[in-house]
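Numbering (full-length UniProt numbering), first residue to last: 1 to 1020. Heads up, the thing below is written out as structure tokens.
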């Protein structure tokens, strides 16, 4: 590169360059200290929840009149991937899922568009529909969860204290959403006997109307009295249950106290919507979130300080227990990642000192911290925190960025050995290698383009891998041509003797092998191609995986009881499980149970489920990974033996986007019963695979319902409507909220219902007294017939089509892709016999993996185009371009060997490493080809130039390979990075041999070079 010489400029302005070097190091250290800390990178949850309630509607009515209208309207949404809905009697929940390629910045505007679309069709809903209600913050994370237990306090008293704590927590800087878990609302119950009311000539609806009128708040006016205004207030509103007891009712000139005809009690909502338990005790949870972009560790410290303050204000008997502490988890995780980073730095520095000597190694040793410091500055500017992916990216980059510094130092040493002065040797670095190094750097960065342009959830999760590696490699080039020459002039001696007049044993062995490979180039090429084809065949033996399970100590137990189960039954089974499996277990630190609801999202990669009385989750925190595995095995065995017939699933936390049960098949079709029959048939077929746990369904069996068939003609004659009957039944069986008592900051519902003996008996319902238009009362059986029928309690739909998911866990260490591939012939045969209009789709981990890899495959052509363009600018020859590119895929040989020997799967992250290998191998190939051409341009015979250039590049390529491979050792033990580390280590080692032996042989074969006689004689 002629003209301006950046290395020469640095030497001419030494003080200025030294100054900026110190500034960058100090600023980088400051940036590192203040960088945000996270366990995992964030990604956007592209799911929104819409809920609409229609009390009294059947499942079929709800689906046709509410669910279908919402789903049909949502089909107009441009960015819609699919809708998934669950319809139960009186309730619709629709999950709106955006396409994976939706940009994160477009998600919030899209949710606003969804709101507007659904509001437009709101007038089309039947009368009585409540909502729709929206949850577009589905991805909110509650990093800290506290459990409050109390001895001797009522749930209301405990809630008062927790509400006070909540108010205090909201004052903590950067506190976000703070919600209560399992807090039961109070209710005042008015329990009547329908027979007694009828005997007294009372009309329940008149009583309700009287109570509502007395408790209403209405404006009473303002009196203008001279210079002042006097507001008028009318009293009479209910202050407590005692106010209700004192109410007098007038019937036929007779007065009754309400307490004479109704039992008035104050209690809690029955049945409760959800319950929360901690270590077997009833509790109230406090879930604390943090505002976006805040420093989690600083927030955690401030929150801990605030909680210590409020604990001192709580009365004796109120226990505060830490259920989830994400700041502590993050601190431990980042410490582990950082330790791995420093281990990698130490390894790279050791390689540098051993290979280059003390002084030259010292130049490299100073270059690496400088590159890291500047990279930390860029990370601060770009808002990238220290987390699993960004720190892993730094470790991966370490072995690559050291190459530039090594090339620069080795070039200086080589020039000093031939007698050049220091300055000339330093400036020669720029003129001879700057542009080839830049080309290699850009090509390596281009290898990570599929990550940078992947807008899927998995791509967003790994995006910082691309950014950090790109920044660090580009910075390393700048350091190599700007700062390294100055460091070399400062620390290298003015003259250096040639250390190796005679080649060492290893160098001599390499030369003999190289010459042999080049002389028998067809044998070398054929052997390499055969190895490559063998590796392609071996790739089919490598297990596939999306993302591995987390190595955190939590275990989650999902509970899915039959869908007609009450929350009391769910609680009873979960309590029995706690006593059998958890109480007194030395491997368990603590556990929490969520009855009737999913656990709150305490990590982003958590699969939150809809709330239902038949559903629950137990979150078990063990004392370590080994303890977790022991508990997992014991719980699996216990659940199989003691909870037969209950759908339970034990899982660990996931890394990357949540998937749920790993193996899933969706059976879809127009007829619900046919879909169920097909799903049961499919489940029976796949259950024969021993690697698969017992398949279950996201729908359960139909449940029994009581149908009241109103005799309409007779009812009309008596002045009774179907609505009258439905309202009366609802007030008897379930209870009707008629008004509210305003108690401090709470609103306590006043609920009218029948006494327990009447609301739990079919005969009592038949004899329930109904007021007629004449003022008399008749039994319900006089105007209605009763019958029982089976009705589907829940319908899941996808794309508006009823869809039942057959889902299953895995046995032992089996991986989803492996099992799905084994099941493929069975499933394909089943699909071939499906009736028209019915389909089966594979879901779970396999589907999510394909969705994440699809955008990568789409961007690979762009990656190859960018690489080819950069190479063409440097090489300006199609022949040389072919030679360089031919090496790129051959790294797969080492990848397959490494993955098979380490029994590691080819996961999403490992796939990214394989793509990155392309750039790494091309980088070395470019520099070798350029050096060959430089020697040829200097008058060297082309065959000899191949040998000499390969010999000259052997040392830096081997050293870079050693540094890059050894630097990956600290993360090879990580669950997340292990497969990628092994894949890259194998690929780099194999790629080094291929670059140094196969590429020279291919070059000689391509140009049909002949060995000079003199060289042949010398070699012999």
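Heads up, the beta-carbon is just placed ideally off N, CA and C, and yes, glycines get one too.
Endpoints, the beta strand (DSSP E) within which residue 289 is located: What you label residue 289 is simply residue 289 of the chain shown in a count that begins at 1. Looking at the DSSP string, the run of the beta strand (DSSP E) that includes residue 289 is 284-290.
Residue(s) in a DSSP beta bridge with residue 617: Locating residue 617 in the chain shown gives position 617, where the first residue counts as 1. Answer is 558 and 594, bridged to residue 617.
Cα-Cα separation, residue 77 to residue 70: Position 77 of the chain shown holds residue 77. Position 70 of the chain shown holds residue 70. If you take the alpha carbons of residue 77 and residue 70, they lie about 12 angstroms apart.
Contact under 9 angstroms by Cβ, residue 14 with residue 391: The residue labelled residue 14 in the question sits at position 14 within the chain shown. The residue labelled residue 391 in the question sits at position 391 within the chain shown. Not closer than 9 angstroms, so no.
Own chain partners of residue 556 with C-beta closer than 8 angstroms, once the 5 adjacent residues on each side are dropped: By one-based count along the chain shown, residue 556 stands at place 556. Closer than 8 angstroms at the Cβ level, and outside the excluded window around residue 556, lie 599, 617, 618, 619, 620, 650, 651, 652 and 653.
Buried versus exposed call for residue 522 [16 or more other C-beta atoms within 10 Å across all chains shown]: To locate residue 522, count along the chain shown from 1; it is residue 522. Burial call: exposed.
Three-state secondary structure (DSSP) of residue 768: The residue given as residue 768 occupies position 768 in the chain shown. If DSSP states are grouped into helix, strand and coil, residue 768 belongs with coil.
Residues near residue 426 by beta carbon distance below 7 angstroms, same chain, minus five either side: Counting from 1 along the chain shown, the entry for residue 426 is found at position 426. Only 7, 11, 412, 485, 488 and 489 meet the Cβ criterion.
Residue 892 at chain C interface by Cβ criterion, 9 angstroms: In the structure shown, chain C cannot be found, because there is only a single protein chain.
Within the region 863-896, ranges of the alpha helix (DSSP H) (whole runs, at least 4 residues): 878-887
Cβ neighbours of residue 440 in the same chain (closer than 7 angstroms, five flanking residues each side left out): Counting from 1 along the chain shown, the entry for residue 440 is found at position 440. Closer than 7 angstroms at the Cβ level, and outside the excluded window around residue 440, lie 923, 926 and 927.
Residue 229 Cβ short of 8 angstroms to the ligand HEM heavy atom set: Of ligands this structure carries none, so the ligand HEM is not represented either.
Candidates 153, 921 and 763, of which the one nearest residue 893 by Cα: The count along the chain shown starts at 1 and reaches residue 893 at position 893. When each option's Cα is compared against that of residue 893, the closest is 921.
Nearest to residue 879 (by Cα), restricted to the options 1004, 179, 611 and 158: Numbered from its first residue, the chain shown carries residue 879 at position 879. Taking only the C-alpha atoms, the option nearest residue 879 is 1004.
Close-in-space but distant-in-sequence residues of the same chain around residue 493 (CB under 8 angstroms, 5 per side omitted): On the chain shown, position 493 is the one that residue 493 refers to. Around residue 493: 359 and 416.
Where residue 133 sits in the DSSP three-state scheme: On the chain shown, position 133 is the one that residue 133 refers to. Strand.
Rounded straight-line distance, which links the Cα of residue 817 to that of residue 691: Numbered from 1 along the chain shown, position 691 holds the residue referred to as residue 691. Numbered from 1 along the chain shown, position 817 holds the residue referred to as residue 817. Taking the straight line joining both Cα atoms gives about 12 angstroms.
Residue 530 versus residue 833: straight-line alpha-carbon distance, rounded: Within the chain shown, residue 530 is the residue found at index 530, counting from 1. Within the chain shown, residue 833 is the residue found at index 833, counting from 1. So the two alpha carbons sit approximately 42 angstroms from each other.
Cutoff 7 angstroms; reference residue 566; Cβ partners in own chain excluding five residues on either side: Position 566 of the chain shown, counting from 1, holds the residue named residue 566. Closer than 7 angstroms at the Cβ level, and outside the excluded window around residue 566, lie 271 and 613.
Residue 321 in three-state terms, based on DSSP: For this step, residue 321 is matched to residue 321 along the chain shown. Residue 321: strand per DSSP, three-state reduction.
Residue(s) in a DSSP beta bridge with residue 791: Along the chain shown, one-based indexing puts residue 791 at 791. Answer by DSSP bridge pairing, in chain order: 703.
Per-residue burial, residue 869 [other beta carbons within 10 Å of its own, 16 or more giving buried]: Against the chain shown, residue 869 aligns to sequence position 869. Residue 869 should be labelled exposed.
Residue 175 versus residue 296: straight-line alpha-carbon distance, rounded: As a working note, residue 175 is residue 175 in the chain shown. As a working note, residue 296 is residue 296 in the chain shown. Those two C-alpha atoms are separated by around 10 angstroms.
Reference residue 447, options 429, 431 and 473, closest by Cα: On the chain shown, position 447 is the one that residue 447 refers to. With distances taken between Cα atoms, residue 447 lies closest to 473.
Inter-residue Cα distance where the pair is residue 9 and residue 371: The count along the chain shown starts at 1 and reaches residue 9 at position 9. The count along the chain shown starts at 1 and reaches residue 371 at position 371. The alpha-carbon atoms of residue 9 and residue 371 are separated by roughly 20 angstroms.
Boundaries of the alpha helix (DSSP H) in which residue 186 is found, first to last residue: The count along the chain shown starts at 1 and reaches residue 186 at position 186. It is not in any alpha helix (DSSP H) - residue 186 instead sits in the beta strand (DSSP E) that spans 186-192.
Other residues of its chain near residue 948: CB distance less than 8 angstroms, five sequence neighbours each side excluded: Position 948 of the chain shown, counting from 1, holds the residue named residue 948. Result list for residue 948: 935 and 940, in chain order.
CA-to-CA distance, residue 569 to residue 149, given in whole angstroms: On the chain shown, residue 149 is found 149 positions in, with the first residue counted as 1. On the chain shown, residue 569 is found 569 positions in, with the first residue counted as 1. Between residue 149 and residue 569, the C-alpha separation is close to 22 angstroms.
Beta-carbon proximity list for residue 810, same chain, < 8 angstroms, skipping 5 on both sides: Mapped onto the chain shown, residue 810 falls at position 810. So the list reads 662, 663, 691, 692, 693, 816 and 819, once near-sequence residues are dropped.
Segment contact flag, the region 333-345 with the region 164-181, C-beta cutoff 8 angstroms, min 3 pairs: no
Assigned secondary structure, residue 840 (DSSP; H/G/I helix, E/B strand, else coil): The sequence position of residue 840 within the chain shown is 840, counting from 1. Residue 840: strand per DSSP, three-state reduction.
CB-CB length for residue 87 against residue 63, believed under 8 angstroms: Here residue 87 refers to the residue found at position 87 of the chain shown. Here residue 63 refers to the residue found at position 63 of the chain shown. Rounded, the Cβ-Cβ distance is 5 angstroms, consistent with contact.
Other residues of its chain near residue 846: CB distance less than 7 angstroms, five sequence neighbours each side excluded: Translated into the one-based positions of the chain shown, residue 846 becomes position 846. So the qualifying residues of the chain are 816, 817 and 820.
8 angstroms Cβ shell around residue 1 - same chain, five flanking residues per side excluded: Your numbering for residue 1 matches position 1 in the chain shown. Summary for residue 1: the model assigns pLDDT 44, below 50, so the residue's position carries little reliability; its value from the coordinates is reported in the next sentence. 430, 431, 434 and 435.
Extent of the continuous alpha helix (DSSP H) to which residue 576 belongs: Residue 576 sits at position 576 when you count from the first residue of the chain shown. 567-577 is the extent of the alpha helix (DSSP H) around residue 576.
Rounded Cβ spacing between residue 546 and residue 822 (contact assumed at less than 8 angstroms): Stepping through the chain shown from its first residue, residue 546 is reached at position 546. Stepping through the chain shown from its first residue, residue 822 is reached at position 822. In fact, because the Cβ distance is near 17 angstroms, the residues do not count as touching under 8 angstroms.
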